[in-house]
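Worksheet: one structure, shown below.
Numbering (mature numbering (1 follows the signal peptide of the UniProt record, and there is no 0)), first residue to last: -26 to -1, 1 to 100.
In structure tokens form, the structure reads like this:
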């Protein structure tokens, strides 16, 4: 029952975010485009592998990621199947995307994998 309630709250939150998307700072969505134009990646980004976290903690951090990245992409989270003992193909792909962000944007990155929930305090004002 608690899981169903959590999903309902998540769905309502996502729906409200989607409905308010055109008014987001930094989001340019011309009517002639199928997708909006997004701001450039920030010069400093935080990233974390969140595979080891519980499902609720993952949902919390992914929600935070959506809020933080509305203005400018600054938070990159990734995970792979929890039963993968070592680097999986998902990890390889996620690491490649992170390197791509770093090379194109010329940004510095901070690994927050050791304390991903600490990102909540860092971005509390968002």
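Built from N, CA and C at the ideal position, the CB exists for glycine as well.
Computed from a predicted structure; not experimentally measured.
How is residue 65 classed by DSSP in three states: helix, strand or coil?
helix
What are the start and end residues of the beta strand (DSSP E) that includes residue 91?
No beta strand (DSSP E) contains residue 91, which DSSP labels as neither H nor E.
Would you kindly check if the distance between the Cβ of residue 11 and the Cβ of residue 112 is under 9 Å?
Any property of residue 112 remains undetermined from this structure, which presents the chain solely from -26 to 100.
Could you name the residues of the same chain whose beta carbon sits closer than 7 Å to that of residue 68, not counting the 5 residues immediately before and after it, in chain order?
52
To which residues does DSSP link residue 84 through a beta bridge?
Residue pairing by DSSP places residue 84 opposite 20 in a beta bridge.
Helix, strand or coil at residue 49 according to DSSP, with G and I counted as helix
Reduced to three states, the DSSP call for residue 49 is strand.
For residue 11, which of helix, strand or coil comes out of DSSP?
strand
Can you tell me the Cα-Cα spacing of residue 89 and residue 39, whole angstroms?
15 Å
For residue 26, tell me which candidate among 16, 82, 54 has the shortest Cα-Cα distance.
54
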